[in-house]
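A.B. asks: One structure follows; several queries about it will come next.
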Amino acid sequence: MKGLSKQLRYPTWTSCTHITSLWKNPKETRGFLTISVYFRWPPRDRFVGADRILVPCKLAACSAPRSEVYECNLSFAFPARSLETTSQNPQHNVSPDPPPRESERRICCDKGCNSGRWPLQRNSIQAIVPRSTKIAGHPIIWHCLTAIAKVPHIQEVCMIGYYDESVFRDFIKDASKEFPQIKIVYLREYQALGTAGGLYHFRDAILKGKPERFFVLNADVCCSFPLNDMLKLFEDKDAEAVILGTRVSEDAASNFGCIVSDAHTRRVLHYVEKPESHISNLINCGVYLFSTECIFPSIRSAIKKRTDRPRLVSYPSSENLESSFFQDDDEETKNEVLRLEQDILSDLADSKQFFVYETKDFWRQIKTAGSAVPANALYLQKAMQTGSKELAKPSANILPPVFIHPSAHVDPTAKLGPNVSIGPRVVVGAGVRIKEAIVLEDVEIKHDACILYSIIGWNSRVGAWARVEGTPTPVNSHTTSIVKNGVKVQSITILGKECGVGDEVRVQNCVCLPFKELKRVRFPHKAPLSSSKMSAHHACLQKHGQAGNRAGIPNKGAKGISYFTPAQEPPSGTASDPQPDGKPIPKLFQPLKIRGLTLQNRIMLSPLCQYSAEDGHLTPWHMAHLGGIISRGPGLAVIEATAVLPEGRITPEDSGIWSDKHVEGEYGLKRIVEFAHSQNQKIAIQIAHAGRKASAVAPWLSMGALATEDVGGWPGNVRGPSSVPYNEDHATPKELSLADIEELKKAWRAAVKRAIAAGFDVIEIHNAHGYLLHSFVSPISNKRTDKYGGSFENRVRLTLEIVELTRKEMPDSMPLFLRLSATDWLEHSEQESWTVEDSARLAVLLAERGVDLLDVSSGGNSPEQKIKGGPGYQAGFSKTIKKAVGDKLLVSAVGSIRSGKQAQAIISGEGEGSMGSQELDLIVAGRMFQKNPGLVWTWAEELEVQINVANQIRWGFGGRPGAPRKKDFQLEL
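FYI, in full-length UniProt numbering the residues of the sequence shown are 1 to 973.
Right under this line is the structure:
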């Protein structure tokens with residue numbers, strides 16, 4: 001072990017235990033914090049870290065003033081640089097530092113070793129991973145130290161491990177600058193004891209200051225470490241132990257320690273480590289708070305039991321008890337490890353005041369090198385939510401969150417994000433796409449390369465047009481492996497140290513050893529081959545028409561997409577310029593530039609509620625519904641009204657964006673965004689709150705029925721500006737207090753951040769159809785007497801505040817739309833209502849605050865409305881508003897626009913059905929797209945405009961590219 005540890009300049013993944021002690025007498029100041037770190041060689045499939053080798057380790061921490069002890073266990077990767085080093089045994093010191101003074105008591109804790117075989121030769125381990133893994137711009141251990149530093153009075157951190165002291169010198173120096181209030185030292189250990197064994201072994205040091213309790217944190221997880229919340233539960237329940245828990249799927253639960261608890265008291269009733277059958281989906285997060293009078297007698301009792309009877313090695317279910325086996329005496333003698341989870345927690349649940357604190361925040365276990373990628377995403381998203389200034393500023397090509405080291409050079413045309421970390425001195429070329437990836441120091445990525453779901457090792461090179469890609473896994477998955485063609489493979493692709501990927505080479509779902517060169521190899525008169533794991537679709541060009549020495553015809557894939565799909569260049573819906581007949585392109589099919597975005601035509605898919613989501617999550621229906629329309633070329637497609645809060649949905653089946661989970665997943669918002677971008681199309685999201693019209697049922701069930709609690713509704717929690725129901729069938733809303741409004745704005749801001757993180761090109765605010773913001777601006781529904789009610793200025797206040805906070809979170813290059821009901825259609829009534837004149841007045845204020853386009857609709861706020869329908873019946877409102885705002889604001893029209901000629905007349909202000917001579921900027925269609933997903937194509941034919949259509953569709957209408965064109969064929973070939 002000594003010789004091998006010297007070969008490893010930088011260890012990678014580590015598993016640590018932090019112990020923080022606060023002593024009984026708060027006036028004494030001799031207490032301290034100690035963190036001990038134990039290093040182990042990794043078992044199988046832990047051999048590659050994001051930046052270094054995977055190495056489990058331990059860490060413990062203690063603090064003053066002396067009143068309580070916290071202990072924690074956690075797994076991390078960090079650059080192995082240490083500063084002050086002190087050995088457990090002075091005769092082994094290699095540091096010039098003097099031995100510790102008697103007053104500098106150190107608490108050490110051992111987590112125990114993990115057995116397993118090396119998957120690689122030992123001499124190759126050193127080079128497979130780069131030297132300093134950075135997760136969200138920092139070593140993983142930094143996130144641990146950040147959590148510990150929030151506990152008051154921590155003074156010292158000790159790391160205890162098997163490696164030579166020089167391994168950590170630089171890291172400790174760097175960490176001491178980040179955490180100057182904490183002294184960090186390294187203690188070298190020579191025997192594995194396990195977490196419980198380590199606690200007991202160092203019990204004299206821990207108990208010397210008479211602590212009452214302490215935390216234990218396992219370091220093989222990334223989370224927010226809610227230590228203060230656990231401490232409060234401990235005190236409220238007069239507990240002897242508290243464990244941190246979280247919910248996972250039933251399928252995943254058996255991979256962790258499972259907790260059965262009382263739902264009301266939160267007391268732990270039963271604990272089983274990795275059960276063979278389902279027990280509970282509440283699992284152990286690896287963070288604990290123990291009373292010293294509880295844990296040490298429990299460990300002593302476990303030691304006594306071990307000496308009295310053989311140790312049960314396997315832990316089967318009751319139905320499979322025969323499959324258990326026991327250690328023999330020789331093996332018992334060799335293995336003195338005492339594990340906290342297997343040996344202690346079950347007995348605590350049976351006999352002690354043992355409680356669970358269930359966290360709703362993020363949690364992820366870090367067991368493999370590939371785990372660095374989801375850990376990176378979680379910490380980056382947390383940094384974005386807290387407004388970290390370390391992250392790159394969002395822009396058209398930076399999809400947050402993204403961390404770029406100051407010394408890195410990224411070409412302005414490269415597109416990064418979301419969830420990307422770029423290390424020191426990295427060079428990223430033009431047109432590069434990087435998503436869900438970690439790029440370590442000194443890497444070079446040449447132009448037009450694509451890096452997806454991958455880790456690029458230090459000093460590696462990725463050639464032009466190359467693809468290094470993994471496969472996304474569901475956000476709730478706790479594994480980084482997938483099954484492809486019956487074979488289990490890594491979902492995350494990892495390049496080791498100094499790997500080279502040649503031009504146009506594709507590397508997918510694999511781990512590449514250090515110093516490997518992956519090239520395309522060409523043989524005379526044969527299709528090109530690749531030494532990498534290339535798609536046969538790309539590697540074999542002979543089937544695409546290659547003959548003799550003539551070059552083949554590749555089916556070029558879309559850039560920056562995690563899967564293969566043919567590139568659409570130009571995007572579907574783009575008019576040929578010039579047209580074959582020489583005629584000018586009608587305005588409807590002219591491009592429209594809005595800030596940093598260019599739409600290929602002026603036809604927009606209106607947000608269409610589908611009432612088909614599950615707990616706010618999109619489903620395959622949404623993919624099919626939107627995908628068929630998007631691929632056929634509207635200039636912009638808008639996802640349906642998406643609620644910022646659960647109670648902000650129209651029905652229980654509405655889509656939502658109140659949770660980060662809505663962004664991820666197989667059918668998360670990111671997936672539909674990626675599909676749109678794979679088609680070279682633009683996509684928007686409409687962010688909304690239903691207000692007093694919430695908790696309804698899907699309209700095909702009833703046009704007015706209330707969704708009661710038994711069908712997932714929330715009639716008792718419907719909110720509005722005033723306690724005025726929409727009608728007798730809807731719930732009477734609770735009036736939003738000023739505090740409620742502030743919470744609403746916080747939720748809205750968080751939703752905007754999630755929309756940006758998902759990669760949307762445009763955000764639209766829903767201020768129409770009687771939903772929350774519309775109900776505030778209209779005196780029909782707003783009867784308030786405070787600053788949000790009464791005058792026009794007060795009633796529009798919330799809308800303007802929402803606009804301002806939304807614009808503030810968005811990149812300058814990203815357009816902001818707002819959908820507005822131009823009128824309540826209550827001009828026949830004597831009641832004061834919202835009118836088109838009010839809308840024109842508001843439009844000027846919106847333009848001043850950064851709204852780019854007003855999506856004008858009408859009505860929806862009163863059952864007494866009298867709509868005057870007809871072809872293009874709302875276009876007149878749009879033109880009135882456009883006349884008032886002029887060029888300050890783009891304005892669209894929507895509603896009963898049924899033909900291309902009608903749409904062209906309305907937008908141009910010329911011809912039959914123009915609804916006036918005022919020109920508009922965009923036409924919005926909804927139901928017509930549902931009836932005909934190829935509406936853009938249909939309208940182009942009506943206007944005799946030649947447009948491009950998706951490759952997979954167009955070739956069948958007029959032959960393959962190069963075939964004679966049919967006279968009546970209006971698609972661009």
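Cβ coordinates follow ideal geometry from the N, Cα and C atoms, glycine included.
It should be emphasised that the depicted structure is a prediction, and the values quoted were computed from it without experimental measurement.
Taking C-beta to C-beta, are asparagine 948 and proline 570 nearer than 9 Å?
C.D. replies: Cβ atoms of asparagine 948 and proline 570: closer than 9 Å.
A.B. asks: In whole angstroms, give me the CA-to-CA distance for arginine 927 and serine 722.
C.D. replies: Roughly 32 Å between the two C-alpha positions.
A.B. asks: Would you be able to state if there are at least three C-beta pairs under 8 Å between the region 501 to 515 and the region 461 to 474?
C.D. replies: Contact holds: three or more Cβ-Cβ distances are below 8 Å.
A.B. asks: Look up methionine 604 in the DSSP assignment and give the residues it is bridged to.
C.D. replies: For methionine 604, which the question treats as bridged, DSSP gives the partners Leu636, Val924.
A.B. asks: Check for me: the alpha helix (DSSP H) holding phenylalanine 362 runs from which residue to which?
C.D. replies: It is not in any alpha helix (DSSP H) - phenylalanine 362 carries neither H nor E in the DSSP assignment.
A.B. asks: Kindly indicate which three-state DSSP category tyrosine 200 falls into: helix, strand or coil?
C.D. replies: DSSP places tyrosine 200 in helix when its eight states are reduced to three.
A.B. asks: Which residue spans inside the region 810 to 871 form an unbroken beta strand (DSSP E) run of at least 3?
C.D. replies: Counting whole runs of 3 or more residues, the region 810 to 871 contains the beta strand (DSSP E) stretches 816 to 821, 853 to 857.
A.B. asks: Using only the alpha-carbon positions, how far apart do arginine 719 and leucine 846 sit?
C.D. replies: If I take the Cα positions, the gap works out to 25 Å.
A.B. asks: Give me, in chain order, the residues of the same chain whose beta-carbon lies closer than 6 Å to that of lysine 556; leave out the 5 immediate sequence neighbours on both sides.
C.D. replies: Taken in chain order, the residues that qualify are Ala567.
A.B. asks: Using 9 Å as the threshold, is the C-beta distance between isoleucine 434 and leucine 416 below it?
C.D. replies: Going by C-beta atoms, isoleucine 434 is nearer than 9 Å to leucine 416.
A.B. asks: What three-state label does DSSP hand proline 715 in the structure shown?
C.D. replies: Proline 715: helix per DSSP, three-state reduction.
A.B. asks: Roughly how many whole angstroms lie between the Cα atoms of phenylalanine 929 and histidine 625?
C.D. replies: Their backbone Cα atoms lie some 10 Å apart in a straight line.
A.B. asks: Within its chain, find whatever has a CB closer than 6 Å to the CB of leucine 588; leave out the 5 residues flanking it on each side and keep chain order.
C.D. replies: Excluding positions up to five away in sequence, the list reads Arg602, Ala903, Gln904, Ile907.
A.B. asks: Take the Cβ of glutamine 686 as the centre, count every other Cβ of all protein chains shown within 10 Å, and call the residue buried at 16 or more, exposed below.
C.D. replies: The residue is buried, with at least 16 neighbouring Cβ atoms inside 10 Å.
A.B. asks: Does histidine 662 come out as helix, strand or coil in the three-state DSSP assignment?
C.D. replies: Histidine 662 falls in the helix class under three-state DSSP.
A.B. asks: Nearest to lysine 274 by CA position, among Val260, Ser254, Arg266, Thr292, is which residue?
C.D. replies: Considering only alpha carbons, the answer is Ser254.
A.B. asks: Can you tell me whether isoleucine 125 is buried or exposed? The criterion is at least 16 other CB atoms within 10 Å of its CB, across all chains shown.
C.D. replies: Caution applies to isoleucine 125, whose pLDDT of 28 falls short of 50 and renders its modelled position unreliable; the value that the coordinates give is listed next. So isoleucine 125 ends up on the buried side.
A.B. asks: Cα separation between isoleucine 398 and alanine 757?
C.D. replies: Cα to Cα, the separation comes out at about 10 Å.
A.B. asks: So what does DSSP say about valine 268, is it helix, strand or coil?
C.D. replies: In this structure, valine 268 counts as strand in the three-state DSSP scheme.
A.B. asks: Determine the direct distance from the alpha carbon of glutamate 276 to that of proline 316, and round the result to whole angstroms.
C.D. replies: Legend: pLDDT at proline 316 = 44, less than 50; position of this residue unreliable, no value from coordinates given.
A.B. asks: If you drop the 5 nearest sequence neighbours on each side, which residues of the same chain put their C-beta closer than 8 Å to that of isoleucine 672?
C.D. replies: Only Leu618, His622, Met623, Leu626, Gly627, Ile639, Ile683 meet the Cβ criterion.
A.B. asks: Is serine 481 helix, strand or coil by DSSP?
C.D. replies: Looking at serine 481 - three-state DSSP - the assignment turns out to be strand.
A.B. asks: Output the distance between the C-alpha atoms of glycine 582 and isoleucine 897, rounded to the nearest integer angstrom.
C.D. replies: Cα-Cα distance, rounded: 27 Å.
A.B. asks: Short check: CB of arginine 784 to CB of leucine 669, under 9 Å?
C.D. replies: In this structure, leucine 669 does not lie closer than 9 Å to arginine 784 by Cβ.
A.B. asks: Near arginine 749, what residues of its chain come up, given a Cβ to Cβ distance below 7 Å and the 5 sequence neighbours on each side ignored?
C.D. replies: Excluding residues within five positions, the ones whose Cβ falls inside 7 Å are Leu805, Glu809.
A.B. asks: Would the region 761 to 771 and the region 818 to 828 be scored as touching if the rule is three or more Cβ pairs under 8 Å?
C.D. replies: Yes: the two stretches touch, three or more of their Cβ pairs being nearer than 8 Å.
A.B. asks: The beta strand (DSSP E) that contains isoleucine 438, what's its start and end?
C.D. replies: Isoleucine 438 -> beta strand (DSSP E) spans 433 to 439.
A.B. asks: Whole-angstrom Cβ separation of alanine 690 and glycine 648, contact assumed at under 8 Å?
C.D. replies: Alanine 690 to glycine 648, Cβ: 5 Å. Contact.
A.B. asks: From glutamine 918 to glycine 635, what distance separates their C-alpha atoms?
C.D. replies: Approximately 22 Å, taken between the alpha carbons.
A.B. asks: Tell me the rounded alpha-carbon separation between aspartate 654 and aspartate 411.
C.D. replies: Approximately 40 Å between the Cα atoms of the pair.
A.B. asks: Short check: CB of proline 418 to CB of isoleucine 629, under 9 Å?
C.D. replies: No; because the gap between Cβ atoms is not below 9 Å, this pair is not in contact.
A.B. asks: First and last residue of the beta strand (DSSP E) that includes threonine 880?
C.D. replies: Note, threonine 880: premise wrong, no beta strand (DSSP E); alpha helix (DSSP H) at 875 to 885.
A.B. asks: Give the DSSP bridge partners of threonine 493, in chain order.
C.D. replies: For threonine 493, which the question treats as bridged, DSSP gives the partners Ser454.
A.B. asks: Please report the straight-line C-alpha distance between glutamine 381 and valine 663, rounded to a whole angstrom.
C.D. replies: The alpha-carbon atoms of glutamine 381 and valine 663 are separated by roughly 11 Å.
A.B. asks: Going by other Cβ atoms of all chains shown within 10 Å of its Cβ, with 16 needed for buried, is tyrosine 186 buried or exposed?
C.D. replies: Looking at its Cβ environment, which holds 16 or more other Cβ atoms inside 10 Å, tyrosine 186 is buried.
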